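J.:
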Amino acid sequence: MAGTILRVDGRARWALIAGAGPVVVLEPAIADVGLTWWKVQPEAAAFATVFTHDRPGLGRSEPISTPRVAASMVDDLRSALAAASLTPPFVLVGHSFASLTIRAFACLHPDEVSGLLLVDGAHEDQMERFPAELDPGPMLAGFSASLRRLAESASRGEKVEPLAPIPSGVPKDLVDDYLEATAPTPVHLEAAAAEYEGLAVSQDQVRSLVSSHPRDVPLIALRHGISQPVPGVSEAVNRRYEEAWVQLQEELAARSESGEVRLAPDAGHLIHHDRPDLVVSAIRDLVFRS
């Protein structure tokens, strides 16, 4: 799964393109890399052309100066798809944060989208709808500041540990690729910080586009079935958090006339790791329904 290097607006962009047929785009979550889809892409490539990439500054892609927010990411993704000579309509798949990006894409370019799959997808209002005890503002600000400090350390040549361990189950022949893609270089850390820092703007941008969401585009919201408790708060708060998440997923599905929520009963937030078969099944349904 070595991938290829595209030239997107004059800068190097790592991408992985496999299969033939209708184009399916796999967009990683915030600060994540294309290899996160290693279980999904080979299976989906059996019936579609499947594209994923490292966004600018992440993994093996060169950084760019445009803001790391949803609207800019839509323009950037379209440029990457054009550089790969892939033409619409696309089935867009986004995990978590990336659901904001692909929904913005559908609102801004509805004629280029034939289906949307939100994999435990973010809702633009979730920060306000979660229990007050879970105010994410301080946590996100602290995380972004920490990433900036780590980037400074890395730029001085100091050793910086990887942000997260390699997911369990990554095949041996992909371990080196995963280590390279997720290496905590100054560029990678700064790009990750920029995506977190732009989160509120991304949510605002998507919120402003909700009224133009194309209701005729099929949409599947695939949500986790294993509760995702937040440490340090009571069971009651976590229960309200899960109830809010379920309601938000229902609202996302309702944006489409044919929208539906599907449950991944034995998966956590990383559904594409825990139950890739359910992700592939949903992609297949969108490809052959569109």
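The working numbering puts the sequence shown at residues 18 to 307. Ideal placement from N, C-alpha and C gives every residue a C-beta, glycine not left out. Bear in mind the structure is a predicted one, so any value in this text is a computation, not a measurement.
#1: Suppose only complete runs of 3+ residues qualify. What are the beta strand (DSSP E) ranges in the stretch 66-118, listed by chain order?
#2: Apart from the five residues on each side of it in sequence, which residues of its chain come closer than 7 Å, Cβ to Cβ, to Pro-184?
#3: Could you please give the first and the last residue of the uninterrupted alpha helix (DSSP H) stretch that includes Trp-262?
#4: According to DSSP, what are the bridge partners of Gly-132?
#5: Would you please state the rounded distance, in angstroms, between the beta carbons of Leu-135 and Ala-210? I believe it to be under 8 Å.
#6: Given Ser-89, which residues of its chain have a CB within under 7 Å of its CB, disregarding the five upstream and five downstream residues?
#7: Out of Glu-267, Met-156, His-230 and Arg-30, state which residue places its alpha-carbon closest to the alpha-carbon of Gly-249.
#8: Any chance the stretch 49-57 sits against the stretch 282-299, with 3 or more Cβ pairs inside 8 Å?
#9: Does the stretch 201-221 come within contact of the stretch 231-241, defined as at least 3 CB pairs closer than 8 Å?
#10: Please list the terminal residues of the continuous beta strand (DSSP E) segment that includes Ile-22.
#11: Return helix, strand or coil for His-241, following the three-state DSSP convention.
#12: Determine the contact status of Trp-31 and Arg-77, defining contact as a CB-CB distance below 8 Å.
#13: Could you compute how far the alpha carbon of Asp-190 sits from the alpha carbon of Ala-200?
#14: Per DSSP, which one or two residues make a beta bridge with Val-278?
#15: Could you tell me which of Gly-132, Gly-285 and Arg-173 sits nearest to Ala-270, measuring between CA atoms?
#16: List the residues that DSSP assigns as beta-bridge partners of Trp-31.
#17: How would you label Arg-173, buried or exposed, when you count the other beta carbons within 10 angstroms and need 16 or more for buried?
#18: If you check the beta carbons only, do Ala-121 and Leu-287 fall under 8 Å apart?
#19: Looking at the unbroken alpha helix (DSSP H) that takes in Val-41, where does it start and where does it end?
#20: Comparing the CB of Gly-27 with every heavy atom of the ligand ATP, is any distance shorter than 7 Å?
#21: Could you give the residue range of the alpha helix (DSSP H) that holds Glu-60?
#22: Are Val-42 and Ile-300 close, meaning C-beta to C-beta below 8 Å?
#23: By how many angstroms is the C-alpha of Ala-61 removed from the C-alpha of Ala-158?
#24: Take the Cβ of Asp-71 as the centre, count every other Cβ of all protein chains shown within 10 Å, and call the residue buried at 16 or more, exposed below.
T.: Reading from the atomic positions:
#1: 66-70 and 107-112
#2: His-290
#3: Per DSSP, Trp-262 belongs to the alpha helix (DSSP H) from 252-270.
#4: For Gly-132, which the question treats as bridged, DSSP gives the partners Val-108.
#5: With 8 Å as the limit, Leu-135 and Ala-210 do not qualify as a contact, their Cβ atoms being about 25 Å apart.
#6: The answer, listed in chain order, is Thr-83.
#7: Met-156
#8: yes
#9: Because the criterion of three Cβ pairs below 8 Å is not met, the stretch 201-221 and the stretch 231-241 do not touch.
#10: 21-25
#11: strand
#12: yes
#13: 17 Å
#14: Ala-238
#15: Gly-132
#16: According to DSSP, which records beta bridges pairwise, Trp-31 is partnered with Ile-22.
#17: exposed
#18: no
#19: Careful: Val-41 lies outside any alpha helix (DSSP H), inside the beta strand (DSSP E) at 40-44.
#20: For the ligand ATP, the structure offers nothing, since it holds no ligand at all.
#21: 58-61
#22: No, these two residues do not count as a Cβ contact at 8 Å.
#23: 37 Å
#24: buried
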